[in-house]
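Have a look at the structure below, then the notes.
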Amino acid sequence: MGKKISIPKFQLPAIIARIGGKLPQWPHTMTLIAGLNATVKMKLLPVESLSVLEGRSFFVEVLDTGGKAHFTCRDGLFRPLFSPAQTPDLAFRANLSAFMQLLARQEDPDTLFFNRELSIEGDTELGLYVKNMLDAVEWPQLPKLPGFSH
Amino acid sequence: MSREKIPQLICPAGSLPALKAAIDNGADAVYLGYKNDTNARNFAGLNFDEKAMREGIRYAQSRGRHVLLAINTFAQPGRDADWQRAVDGAAEMGVDAVILADVGLLDYAARRHPDLRLHLSVQGSATSYEAVNFAQREFGVRRAVLPRVLTLAQVENVITNTSVEIEVFGFGSLCVMNEGRCWLSSYATGESPNTVGACSPAKYVKWEKTPGQMTTRLNGILIDRFDDNEAAGYPTLCKGRFEVGGETYYALEEPTSLNVLEILPDIARIGVAAIKIEGRQRSPTYVAQVTKNMRAALDALAREEGQYRVEAAWQSELSKVSEGSQVTLGAYSRPWR
Ligand code: SF4
């Protein structure tokens, strides 16, 4: 059986966020958007779900790296927002470790939310929708790397 | 204790990955719902369309496990056909049982699909053996899910006086108001689990972050205020902190979770047929974590009834995923009735 890599809970020192917040926010915004669009192109996100996201503004902030990404969904694809609205329709904030645990399906979003490690603000129904949409994605099986199996 | 007497483990599935997580981690059955208001977890983006449901049924049944379809809200005026169609679909797809609450729908299912196995949903609010036996006599109900308000002695009393299988809740968030009879959500929003399939629907919920605090409102009504290091709960009225007689506290219910690991041997001894895990709204990760630990506990019970001990690892995994900061035995251990 493939052994899962376990991501520990960690928090980067505050100085990183202070520096990170001053760096251009484009590189990781583009990485995030490229990742999301790859998911769309692989047809992992149902079309009817994408139509719910259409035209809404999103904000993701990685607290301990200072990374911030504003984006939207237009014509079924994710795009960066150059001049974001004052308050996005939906904002997710967490430390890097919490985001990584979420993506690796190691922690449950509600658990992180109850424990106050993940903050979700804005349109609650949209937030629930995004959460459930991501939960329903059947990620393709990752290839078993020799180092991670036993 | 022999294997037959170990209660079955019934796990929640709000999506196909959650269903697979439940089956892979040892659920005997999963319960799920359609993507509409015919079930009591009608949340945005949650649940199964027909394609996912067929795939889920195939996945479970090909591994010898069961699929229970919850159609457990009450048919709304003028829309009976939607609920009837849901039951017809269940029979056609070959689920192992449907979980119903509405007596009109139970009657329809019993007449139209005599071979379809019927379970009485917790939303049906049957708390006595008379109610359970009524459902058996009138509709041929084979199993009833008891609300999370009975003590263990009361559950035993029901079991002794009925031949209907009894299912109880074993883990998850608590809904204390005798499911199916709670009006709190309707009071605040005009919508409730029995009508639209959701308690405190998300569109009425607002989380507001201010420095050092988070405020929760339901349709404008202030439910709670959390300090940054305080655990949060679901935005339901029953779990809010209110001012009563000059004191602000959880006037109705603490945001705690139910966990029956400690009394598992008693639950098996009194003859409970199945243990249900709450949480169709939760992610595949939660389903995997809870199913795995409950399975381990039930297997331990099957091996060595006399020596059954709750392992610290099960307990800590389960506390981690719980709503609120504590887990309790809920009403099961309550001294009063
Ligand atoms: S308000 Fe609380 S007790 Fe009432 S239905 Fe909702 S969760 Fe249950």
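As you go down the protein sequences, you meet chains W and S in turn. Add 67 to a position in the first sequence, counting from 1, and you land on the number used in this note's numbering. Add 275 to a position in the second sequence, counting from 1, and you land on the number used in this note's numbering. Virtual Cβ for every residue (Gly too), placed ideally from N, Cα, C.
> Residues in the region 531-562 of chain S with C-beta within 8 Å of chain W's C-beta atoms, listed in sequence order?
Replying inline: Q556, R557, S558, P559, T560 and Y561
> Between P468/S and the ligand SF4, is the CB less than 7 Å from at least one heavy atom?
Replying inline: Of the heavy atoms belonging to the ligand SF4, at least one sits nearer than 7 Å to the Cβ of P468/S.
> Interface residues of chain S around E205/W at Cβ under 7 Å?
Replying inline: L291 and P292, listed in chain order.
> Taking Cβ-Cβ distances shorter than 7 Å, what residues in chain S pair up with L117/W?
Replying inline: Those do not exist, as L117/W stays about 11 Å from chain S at its closest Cβ, beyond 7 Å.
> E188/W touches chain S at which residues, Cβ-Cβ below 7 Å?
Replying inline: W482 and K484
>> With the cut-off set at 8 Å, would you say L641/S and R417/S are in Cβ contact?
In response: No information on residue 641/S is available, as it lies outside the stretch 276 to 612 that chain S covers here.
> Starting from Q411/S and walking both ways along the beta strand (DSSP E), at which residues does that stretch end?
Replying inline: Careful: Q411/S lies outside any beta strand (DSSP E), inside the alpha helix (DSSP H) at Y404 to F414.
> Would you say E325/S and L291/S are within 8 Å of each other, going by their C-beta atoms?
Replying inline: Between E325/S and L291/S, the C-beta gap is not smaller than 8 Å, which leaves the two residues out of contact.
>> According to DSSP, is P352/S part of a helix, a strand, or is it coil?
In response: coil
> Does the beta carbon of F180/W sit closer than 8 Å to a beta carbon anywhere in chain S?
Replying inline: Interface residue, yes.
> Since Y306/S is in the beta strand (DSSP E), which residue starts that stretch and which ends it?
Replying inline: A304 to L307
> By Cβ distance below 6 Å, which residues in the same chain neighbour A158/W in space, the five residues on each side in sequence not counted?
Replying inline: Only residues of its own chain outside the window of five on either side were considered, and among them F126, E188 and G189 have a CB closer than 6 Å to the CB of A158/W, listed in chain order.
> Touching or not, the region 543-561 of chain S and the region 282-301 of chain S, by the rule of three or more beta carbon pairs under 8 Å?
Replying inline: A contact exists between the region 543-561 of chain S and the region 282-301 of chain S.
>> Is it buried or exposed, L593/S, if we count other Cβ atoms within 10 angstroms and call 16 or more buried?
In response: Taking all protein chains shown into account, L593/S has 16 or more neighbouring C-beta atoms within 10 Å of its C-beta and is therefore buried.
>> Run through chain S and tell me which residues come within less than 9 Å of R172/W, C-beta to C-beta.
In response: Ordered by position in chain S, the residues that pass the 9 Å Cβ test against R172/W are P292, A296, S558, P559, T560 and A563.
> Would you say N162/W faces chain S, with C-beta separation under 8 Å as the test?
Replying inline: It does not; no Cβ of chain S falls within 8 Å.
> In the DSSP assignment, what residue or residues form a beta bridge with E188/W?
Replying inline: A158/W
>> Could you compute how far the alpha carbon of R141/W sits from the alpha carbon of T154/W?
In response: 18 Å
>> Report the CB separation of D574/S from R183/W in whole angstroms; it is logged as a contact under 8 Å.
In response: The pair is not a contact, with the Cβ atoms about 34 Å apart (cut-off 8 Å).
>> Can you tell me where the alpha helix (DSSP H) holding V373/S begins and where it ends?
In response: Annotation for V373/S: no alpha helix (DSSP H) segment contains it, though the beta strand (DSSP E) segment containing it runs A372 to L375.
> When burial is assigned at 16 or more other CB atoms within 10 Å of the CB, is Y462/S buried or exposed?
Replying inline: exposed
> Whose Cβ in chain S lies nearer than 7 Å to the Cβ of L195/W?
Replying inline: F318, A319, G320 and A477
> If you run the structure through DSSP and keep just helix, strand and coil, what is S608/S?
Replying inline: helix
> Name the chain S residues whose beta carbon is nearer than 8 Å to that of P54/W?
Replying inline: Any question about residue 54/W goes unanswered here, given that chain W covers just 68 to 217.
> From P176/W to R386/S, what does the alpha carbon distance come to, in whole angstroms?
Replying inline: 42 Å
> Looking only at its own chain, which residues have a Cβ that is under 8 Å from the Cβ of D371/S, when we skip the five neighbours before and after it?
Replying inline: A304, Q336, H341, V342, L343 and R392
>> For the ligand SF4, I want to know if T523/S counts as a neighbour, meaning its beta carbon is within less than 7 Å of at least one of the ligand's heavy atoms.
In response: no
>> With DSSP as the reference, identify every bridge partner of A549/S, one or two as the case may be.
In response: Q283/S and E442/S
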